[in-house]
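Single-structure report; data block below.
Residue numbers (my numbering): 70 to 145.
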């Protein structure tokens, strides 16, 4: 199982979090981490998303893409 914690994203990419972390990870960083997972993935969680702070749904769209990538790891 893995957990994607949105407050660890760079706030320039993920505005929809309650506690932004300047200098955090980029979407590319997270995709790289997911693609490098070499063990069976049985589940996951995306946490700390705050839709009230999400400008233009950018964080929600990114979460959907990350969910898709994560599900790909679960199917393999």
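C-beta: ideal position from N, C-alpha, C; glycine also.
If residue 85 sits next to residue 122, beta carbons under 8 Å apart, how far is it from one beta carbon to the other, in whole angstroms?
5 Å
Report the CB separation of residue 128 from residue 81 in whole angstroms; it is logged as a contact under 8 Å.
Actually they do not touch by this definition, with Cβ atoms about 11 Å apart.
In the DSSP assignment, what residue or residues form a beta bridge with residue 136?
DSSP, once it has assigned bridges, lists no residue as partnering residue 136.
Taking residue 116 as the reference, give the member of 132, 97, 141 and 90 with the closest Cα.
132
For residue 78, which of 141, 124 and 93 has the nearest alpha-carbon?
93
Which partner residues does residue 98 have in the DSSP bridge list?
BP columns for residue 98 are empty, so no partner.
How far does the beta strand (DSSP E) with residue 106 in it extend, from its first residue to its last?
It is not in any beta strand (DSSP E) - residue 106 carries neither H nor E in the DSSP assignment.
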